[in-house]
Amino acid sequence: MRRLMFMRSKHSIKPSILLFVTAFSLMVGLICLVNSGYAERESIVPGRVLIKLKPGTPETLLSSVLSSPEVKVIGEIEKLNVKILAVPPGEEEVWIKRLEAEPFIEYAEYDRRVKALFTPNDYYWDFQWNMVKIKAHKAWDVTTGSPDVIIAIIDTGVDLDHPEFLGKIVPGKNFITPALPPDDDHGHGTHVAGIAAALGNNGQGVAGVAWGAKIMPLKVLDAEGNGKDSDVAAAIIYAVEHNAKVLNMSLGGYGSTQTLADAVAYAYNKGCLLVAATGNDGKNEVMYPAAYPEVIAVAATNKYNGVTWYSNYGPEVEVAAPGGGGSNWIISTYRGGGYAYSSGTSMATPHVAGLGALIWSMRPDLSNVQVRNLITSSAMDLSPAGWDEYSGYGLIDVTSSLPPTLEVRPLGITVLVDENGHFYPDNREKLRISNSAYRPLQWKAGISSPSPWLEFSPDSGITYHGVDSL
99 MRRLMFMRSK HSIKPSILLF VTAFSLMVGL ICLVNSGYAE RESIVPGRVL IKLKPGTPET
159 LLSSVLSSPE VKVIGEIEKL NVKILAVPPG EEEVWIKRLE AEPFIEYAEY DRRVKALFTP
219 NDYYWDFQWN MVKIKAHKAW DVTTGSPDVI IAIIDTGVDL DHPEFLGKIV PGKNFITPAL
279 PPDDDHGHGT HVAGIAAALG NNGQGVAGVA WGAKIMPLKV LDAEGNGKDS DVAAAIIYAV
339 EHNAKVLNMS LGGYGSTQTL ADAVAYAYNK GCLLVAATGN DGKNEVMYPA AYPEVIAVAA
399 TNKYNGVTWY SNYGPEVEVA APGGGGSNWI ISTYRGGGYA YSSGTSMATP HVAGLGALIW
459 SMRPDLSNVQ VRNLITSSAM DLSPAGWDEY SGYGLIDVTS SLPPTLEVRP LGITVLVDEN
519 GHFYPDNREK LRISNSAYRP LQWKAGISSP SPWLEFSPDS GITYHGVDSL
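For the sequence shown, our numbering gives the first residue as 99, with consecutive numbering after it.
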């Protein structure tokens, strides 16, 4: 259990009380030092080590090193050339040092824990103040998302039979129990998925930010909301290889692994938008994977646009989104076909993932860097002015983030005549019109002259070929 320390305003107090406060502060400092080592041990997955082989390393070399019957390869992340080893619990450090000494091994490291970042509550329907705060409802007049954009929910799974996800789910994977579908036995992933992309305008429940987008459920957290970096890394690779554009990670842990860092970099270099939660401990330390530079780190705000007390902060924070708090939590889908209130940076994160999906729905030609810039540059600045370590560039603004619609101007053709004033175009003169906007563009063409001395013969020479919209 973490201890929370609240700062109070300074007033004049008696010297004896000052001494007591000083002694208490020293004691708290000692407790924190002890807890930091404890937290480090607690973040390590017992009995597991991750290693990366150098390119071209034959399997026989690794087999010769793993001579102990208690050590074996139990999995791999092929794209990263990473092997997952089972070692005797308590001997992780011994094996890491031994493996690091081998010339064909690039690195050896602990596998670390990650967890869902939320606080649960009873489920019921009230209203979605969060969508109003980020102006999602106004943006839906322009786009509600495209089924060509897939949001990967890397979490506890998703309720595959929930009515809010009817026809929206693409094949995913269960990394906890690979033989089973990525169904949600916890509820967290279903709640997150609903915020990002629950069906809208269907007469029931809630609406997600990008309700027209597809959802890819990738289960990396168990029924208790706990998981491992290696599974998160494997899920990231899976998402990239199966055409997900936006990767939502409402999870995190303290401490980085090179395996997870490599997976994040791989996805980013492949053009994906990665979004993750900063953490719920109210401390000056952003959790991983949110702390990686390739990831949009999302802080949480309350109904009054203030950063919540629990939201972790630091130089990595990029934007903020509604996470809920106090009596105003976030309503969304829940396992069992229901709905629930919840709060946390986990809830803030899918708002940003949904926004990324909306932008790509309008402009699929944009790069992930361009999408990221649209999100940050249009954010509503929160106090203090400019970027800050609590809210980043500010609260996301869905309407302002969307690419501007095209300015349509009349098109004309300039022609040159010969010395006798004659111009004879053939019957195959073509004018090609294209539309890169999301919505259809209605158009018409005609032949006219503003000058009385110019006439067309015949005056009906335009063929539409049955196309009247783009």
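Yeah, the Cβ is synthetic: ideal placement off N, Cα and C, and Gly gets one too.
(1) Quick test of your reading: Leu-345 and Ile-252, contact by CB under 8 Å. State the CB separation rounded to the nearest angstrom.
(2) Give the secondary structure of Leu-164 by DSSP, where H, G and I count as helix, E and B as strand, and everything else as coil.
(3) Are the stretch 277-294 and the stretch 445-456 touching by the rule of at least three beta carbon pairs closer than 8 Å?
(4) Check Cys-130 in the structure and name its three-state DSSP category.
(5) Please return the same chain residues whose Cβ sits closer than 7 Å to the Cβ of Leu-159, not counting the five positions on each side in sequence.
(6) Please report the straight-line C-alpha distance between Ala-569 and Leu-297, rounded to a whole angstrom.
(7) Residues in its own chain within less than 8 Å of Tyr-491 by CB, not counting five upstream and five downstream?
(8) Rounded to whole angstroms, how far is the Cβ of Val-396 from the Cβ of Ala-363, which I believe are closer than 8 Å?
(9) What residue range does the alpha helix (DSSP H) around Asn-324 cover?
(10) Report all residues from its chain with a CB closer than 6 Å to the CB of Glu-204; omit the five preceding and five following residues, and keep chain order.
(11) Count the other CB atoms within 10 Å of the CB of Val-230; is the residue buried (16 or more) or exposed (fewer)?
(12) In whole angstroms, what separates the C-alpha of Leu-500 from that of Pro-279?
(13) Counting along the chain, where does the alpha helix (DSSP H) carrying Asn-346 start and finish?
(14) How would you label Asn-299, buried or exposed, when you count the other beta carbons within 10 angstroms and need 16 or more for buried?
(15) Could you check if Thr-275 is buried or exposed, using at least 16 other CB atoms within 10 Å of its CB as the buried criterion?
(16) Do the CB positions of Leu-601 and Ala-206 come within less than 9 Å of each other?
(17) Just verifying my parser: in three-state terms, what is the DSSP assignment at Glu-200?
(18) Count the other CB atoms within 10 Å of the CB of Gly-377; is the residue buried (16 or more) or exposed (fewer)?
(19) Using the Cα positions of Leu-316 and Val-467, report the straight-line distance between them to the nearest angstrom.
(20) Which same chain residues, not among the five before or five after Gly-145, have their C-beta less than 8 Å away from its C-beta?
(21) Please classify Ile-232 as buried or exposed, where buried requires at least 16 neighbouring CB atoms within 10 angstroms.
(22) Closest by CA to Ile-175, which one among Glu-414, Asp-283, Ala-337, Trp-193?
(23) Using a Cβ-Cβ cut-off of 8 Å (strictly less than) and excluding sequence neighbours within five positions of Asp-283, which residues of its own chain qualify?
(24) So Ile-149 is in the beta strand (DSSP E); what residue range does that whole segment cover?
(25) Per the DSSP calculation, Asp-253 is bridged to which residue(s)?
(26) Mind pulling the beta strand (DSSP E) runs of 3 or more residues that sit fully within the stretch 333-380?
(27) Note down the Cα distance separating Tyr-386 from Gly-353, rounded to an integer number of angstroms.
(28) Distance, Cα to Cα, His-235 vs Gly-412?
(29) In angstroms with no decimal places, state the Cα-to-Cα distance between Arg-470 and Tyr-390.
Based on what the coordinates show:
(1) Rounded, the Cβ-Cβ distance is 6 Å, consistent with contact.
(2) coil
(3) yes
(4) Model confidence at Cys-130 stands at a pLDDT of 30, short of 50, so the residue's coordinates are unreliable; what they give is reported in the following sentence. Note: Cys-130 maps to helix in three-state DSSP.
(5) Closer than 7 Å at Cβ, skipping near neighbours: Phe-202.
(6) The structure shown does not extend to residue 569, since the chain is modelled only from 99 through 568, so no value can be given for it.
(7) Glu-416, Val-417, Thr-474, Ser-475, Ala-477, Asp-479, Trp-485
(8) Going by Cβ atoms, the distance from Val-396 to Ala-363 rounds to 19 Å, so no, they are not a contact pair.
(9) Asn-324 -> not in any alpha helix (DSSP H); beta strand (DSSP E) instead, spanning 324-326.
(10) Lys-150, Lys-152
(11) exposed
(12) 35 Å
(13) The continuous stretches of alpha helix (DSSP H) do not include Asn-346, which lies in the beta strand (DSSP E) extending over residues 344-347.
(14) exposed
(15) exposed
(16) Outside the displayed span of the chain (99 to 568) sits residue 601, for which this structure offers no information.
(17) Looking at Glu-200 - three-state DSSP - the assignment turns out to be coil, as it is neither helix nor strand.
(18) buried
(19) 24 Å
(20) Ala-184, Val-185, Pro-186, Pro-187, Glu-190
(21) buried
(22) Ala-337
(23) Thr-254, Gly-255, Asp-320, Ala-321, Arg-433
(24) 142-151
(25) Within the DSSP bridge table, the entry for Asp-253 names Lys-317 as partners.
(26) 344-347, 371-375
(27) 7 Å
(28) Looking at the two C-alpha atoms, the distance is approximately 30 Å.
(29) 14 Å
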